[in-house]
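Under my numbering, the residue at position 182 of the sequence shown is numbered 776, and the numbers go up by one with no gaps. What follows is one structure encoded as structure tokens, with my remarks underneath.
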Amino acid sequence: MFDFFTRKIPNPTNLIDFLNSTELGGWNYKDALSLNDTEIEKATLEQLLSNPSDVADGVVQVEMVFSNIFFGIFDNLVIKYRDDQSVQLMFYTTTDDPELVQSFFKQLKPCLGGGYIADHKFASFNEHDQIAKLAQGQAFSESDELFHSWLKDNFSFTLNYRIDPRQQLLFIVKSKPEKVVDYSIRTNGTLLSILTHDLNTILKQEALNTEIKSENGQVKYVDYAFELSPSELGIFDVVKIRIFDSVKSINENIQIHVIYFSKYEADTAKVITLCDRIIDIYGPDNFGDTELQPHEWDMIDNSEFWTGRTWWLNKAHGIYDVQNKTQTMLYEVRLGIEHDEGFSLHIVAFQNMLFYHGLMNSNLD
């Protein structure tokens with residue numbers, strides 16, 4: 595066990611070299627940080643089981659390094675290995691120095707880019723006053739926390755200056771194994787096999803609102819919004835139908851986009867069930883993702899921005915390969931949470947899905 599009174603040594607790897615190491619194949623954090631096995635402690639089984647949230651999140655091993663100071667700032671490192679083969683490095687320290695915090699953030703941006711600012715929920719590292727406020731102990735609500743994240747290939751990076759524990763600066767680097775996209779033909783039908791409302795019938799009802807988009811004096815498309823009762827798939831109580839024509843009808847020769855969404859916060863259990871039903875039809879999505887993970891449950895619970903799952907189908911009804919110039923995209927199905935629509939289900943090129951669904955059914959006759 596590490597003696598906390600022992601003097602900590604500066605880790606030899608600088609931040610830029612460490613970030614650059616994530617772009618190399620066969621990444622290994624021990625090599626990247628020049629760590630040897632004697633500097634790494636392993637959590638016992640008892641310690642692992644004492645953290646039920648980690649167990650639920652698939653953590654199978656935890657390592658700790660308390661003898662180094664990383665990047666001139668962080669005096670603690672915890673490494674979590676999960677059963678999905680991902681590895682998460684959590685560098686952390688406690689600091690009341692706003693200049694130190696901002697300096698570290700500024701070092702990240704040239705390597706990682708602009709990233710994602712969760713400004714609907716947290717404060718931004720771009721605001722020096724907010725950093726100083728938290729450093730001086732004048733921040734008390736979750737919205738005063740500073741949070742910034744980046745995605746780069748198979749890595750995610752997160753910087754968080756926290757309220758609880760107070761003044762903790764946390765830098766997380768997570769490596770995920772590269773997923774293999776399943777390009778096989780999807781033969782289990784289409785989303786139409788589980789949708790209950792006929793859109794032609796819906797179009798005959800009175801719309802909640804109608805918006806016309808014109809271009810060069812002609813109608814480009816018309817958006818029609820309708821209330822759904824009962825709700826579609828037990829979740830969506832509003833549907834928006836975008837028809838790229840002035841005629842109000844579903845036509846396989848006219849481009850049609852459909853968005854189902856809810857006026858209320860989504861029930862997480864229902865979202866998980868819906869995602870499973872769609873996966874039963876289409877299999878793994880464009881990125882090789884299937885069932886929802888525990889951290890995604892939390893995002894849905896909190897109505898946070900969530901990229902969800904996306905399926906691009908080609909004319910053969912397999913996942914569309916953007917690198918294959920011989921393929922043509924047929925339609926898209928997408929689940930996610932967006933700030934303006936909340937939890938939503940998008941069908942792009944609905945008319946093509948309708949045509950393909952009819953074609954599949956005719957082949958069964």
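We treat Cβ as the ideally placed atom computed from N, Cα and C, and that holds for glycine.
Residues in the same chain with beta-carbon distance under 6 Å from residue i, minus the five sequence neighbours each way, listed in chain order, please.
| i | result |
| --- | --- |
| Thr752 | Ser743, Ile766 |
| Val833 | Phe820, Leu822, Tyr854 |
| Leu613 | Cys705 |
| Lys909 | Thr922, Leu924 |
| Phe665 | Leu609 |
Are the beta-carbon atoms of residue i and residue j separated by less than 8 Å?
| i | j | result |
| --- | --- | --- |
| Gln924 | Tyr950 | The sequence as given places Leu at residue 924; Gln does not occur at that position. In contact: Leu924 and Tyr950 (Cβ atoms closer than 8 Å). |
| Ser769 | Phe749 | yes |
| Leu886 | Ile913 | no |
| Lys674 | Leu706 | no |
| Glu657 | Glu635 | yes |
| Leu642 | Arg780 | no |
| Gln945 | Gln849 | yes |
| Leu939 | Phe830 | yes |
| Asn794 | Ser737 | no |
| Phe881 | Lys773 | yes |
| Gln696 | Phe719 | yes |
| Asp874 | Asn957 | no |
| Gly828 | Lys864 | yes |
| Phe716 | Leu694 | no |
| Met684 | Leu609 | no |
| Ala729 | Pro692 | yes |
| Trp905 | Asp879 | yes |
| Tyr623 | Val681 | yes |
| Ala637 | Pro888 | no |
| Asp690 | Gln761 | yes |
By DSSP's criteria, residue i is part of a beta bridge. Which residues make up the other side?
| i | result |
| --- | --- |
| Leu764 | Tyr686, Asn754 |
| Gly936 | Glu932 |
| His742 | Ile711, Leu753 |
| Ser941 | Correcting the residue type first, residue 941 is Ile in the shown sequence and not Ser. BP columns for Ile941 point to Val852, Val927. |
| Pro604 | Ile663 |
| Lys636 | Glu657 |
| Ser615 | The partner list for Ser615 (beta bridge, DSSP) is empty, contrary to what the question assumes. |
| Ser778 | None; Ser778 has no bridge partner. |
| Ser769 | Val681, Phe749 |
Contact check, residue i vs residue j under 8 Å by CB: the rounded distance?
| i | j | result |
| --- | --- | --- |
| Thr687 | Phe668 | 5 Å |
| Asn662 | Ile603 | 6 Å |
| Leu948 | Glu809 | So it is not a contact: roughly 25 Å between Cβ atoms. |
| Ser897 | Ile872 | The Cβ separation is near 20 Å, so there is no contact. |
| His851 | Val942 | 5 Å |
With a threshold of 8 Å between beta carbons, is residue i in contact with chain C?
| i | result |
| --- | --- |
| Leu618 | The chain inventory of the structure shown lacks chain C, comprising one protein chain alone. |
Closer than 8 Å by C-beta to residue i: which residues in its own chain qualify, once you throw out the five before and the five after it? Chain order, please.
| i | result |
| --- | --- |
| Ala801 | Tyr818, Ala819, Phe820 |
Between which residues of its own chain and residue i is the CB-CB distance below 7 Å, once the five residues before and five after are set aside?
| i | result |
| --- | --- |
| Asp915 | Tyr777, Gln921 |
| Gly709 | His742, Ser743, Trp744 |
| Leu629 | Val659 |
| Lys727 | Ala733, Asp738 |
| Gly652 | Arg676, Asp677, Asp678 |
| Tyr815 | Lys807, Arg836, Ile837, Phe838 |
>> What ranges does the alpha helix (DSSP H) occupy inside the segment 887-933, keeping only unbroken runs of at least 4 residues that lie completely in it?
In response: 888-895
>> In chain order, what are the residue ranges of uninterrupted beta strand (DSSP E) at least 3 long that sit wholly in the segment 783-850?
In response: Counting only runs of 3 or more, we get 803-809, 812-826, 830-837.
>> Please give the ranges of any alpha helix (DSSP H) in the segment 647-717, keeping only runs that are unbroken, at least 4 residues long and fully inside the region.
In response: 692-706
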